[in-house]
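These notes concern the structure reproduced below.
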Amino acid sequence: MKAKFLIPLLLFVVLVGFLAVGLNRDPHEVPSPLINKPAPAFEIAQLAHVNKTFSPASMKGQVWILNVWASWCVACREEHPVLVELGKSGQAPLIGLDYKDKREDALAMLERQGNPYLLSAFDADGRVGINYGVYGVPETYVIDQSGIIRFKHIGPITLEILNQKIYPLLAELKKS
Numbered sequence: 428m429k430a431k432f433l434i435p436l437l438l439f440v441v442l443v444g445f446l447a448v449g450l451n452r453d454p455h456e457v458p459s460p461l462i463n464k465p466a467p468a469f470e471i472a473q474l475a476h477v478n479k480t481f482s483p484a485s486m487k488g489q490v491w492i493l494n495v496w497a498s499w500c501v502a503c504r505e506e507h508p509v510l511v512e513l514g515k516s517g518q519a520p521l522i523g524l525d526y527k528d529k530r531e532d533a534l535a536m537l538e539r540q541g542n543p544y545l546l547s548a549f550d551a552d553g554r555v556g557i558n559y560g561v562y563g564v565p566e567t568y569v570i571d572q573s574g575i576i577r578f579k580h581i582g583p584i585t586l587e588i589l590n591q592k593i594y595p596l597l598a599e600l601k602k603s
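575 is the number that this note's numbering gives to position 148 of the sequence shown; each next residue is one higher, with no gaps.
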């Protein structure tokens with residue numbers, strides 16, 4: 428008779444354990460299989476200059492940041508002032524990847540709110556985003572001099588994340 432109640436109790440304890448672990452994790456730090464792997468290669472048109480392209484290969488030798496954004500994204504507008512600060516800081520080149528957007532809407536947003544990016548690549552169909560494992564925008568990647576992804580953040584970048592994670596990582600990567 429005791430074994431009859433012991434099995435459901437044991438299953439309940441295991442379930443509570445899984446829930447407790449899940450609730451203590453930061454949802455913005457989703458493990459990415461791309462961390463410590465080469466950034467996926469691509470070459471696509473720039474947002475502002477249709478006849479010019481951008482490729483991560485052009486950033487080799489530099490520590491840089493890739494920020495995936497879109498004009499239709501509310502969270503992207505929320506993080507935009509922080510990106511403007513990051514762009515002004517000169518800590519690392521900030522490249523935008525305008526994801527599944529309309530070119531005119533994206534350009535209008537940057538005109539209204541300021542353009543923090545050295546340049547933005549235009550990923551109209553989302554293929555580049557798929558290769559980077561984009562769950563949704565905004566997402567931010569720190570890529571080292573060798574083209575290896577060293578950090579991924581899902582969701583808006585805040586000043587806290589910038590100061591506690593990104594700036595220290597940039598400093599560390601520039602030393603090596």
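Glycine included, every Cβ here is placed at the ideal spot set by N, Cα and C.
Taking glycine 560 as the reference, which of Gln572, Gln489 and Ile576 has the closest Cα?
Checking every option, the nearest Cα to that of glycine 560 belongs to Ile576.
Check asparagine 494 in the structure and name its three-state DSSP category.
Here DSSP, grouped into helix, strand and coil, assigns asparagine 494 to strand.
In the DSSP assignment, find the alpha helix (DSSP H) that holds lysine 464 and state where it starts and stops.
Neither: lysine 464 is in no alpha helix (DSSP H) and is coded neither H nor E.
Should the segment 527-534 be regarded as contacting the segment 507-519, the criterion being three or more beta carbon pairs within less than 8 Å?
Touching, no, given that fewer than three Cβ pairs across the two stretches are closer than 8 Å.
Should the segment 542-549 be regarded as contacting the segment 472-485, the criterion being three or more beta carbon pairs within less than 8 Å?
yes
Which runs of the beta strand (DSSP E) spanning at least 3 residues fall entirely within the segment 507-542, listed in chain order?
521-526
So valine 569 and isoleucine 492 are supposed to be a Cβ contact under 8 Å. How far apart are they, rounded?
6 Å
Under 7 Å, do isoleucine 581 and tyrosine 562 count as touching if we go by C-beta distance?
yes
Distance, Cα to Cα, glutamate 531 vs phenylalanine 578?
Using only the alpha carbons, I get a separation of about 30 Å.
First and last residue of the beta strand (DSSP E) that includes valine 561?
Per DSSP, valine 561 belongs to no beta strand (DSSP E) and is neither H nor E.
Report all residues from its chain with a CB closer than 8 Å to the CB of alanine 503; omit the five preceding and five following residues, and keep chain order.
The residue asked about is misnamed: residue 503 is cysteine in this sequence, not alanine. Counting only Cβ-Cβ distances below 8 Å, and skipping sequence neighbours, we find Trp496, Ala497, Val564, Pro565 and Pro583.
Taking a contact to mean a Cβ-Cβ separation below 7 Å, would you say glutamate 470 touches serine 485 in this structure?
no
Considering alanine 548, what are the terminal residues of the beta strand (DSSP E) in which it resides?
546-550
Thinking glycine 574 and proline 460 are a contact (beta carbons under 8 Å), I'd like their distance in whole angstroms, please.
Their Cβ separation, rounded to whole angstroms, is 16 Å, which puts glycine 574 and proline 460 out of contact at 8 Å.
Rounded to whole angstroms, how far is the Cβ of asparagine 463 from the Cβ of threonine 567, which I believe are closer than 8 Å?
At roughly 17 Å, the Cβ-Cβ gap does not stay under 8 Å, so asparagine 463 and threonine 567 are not in contact.
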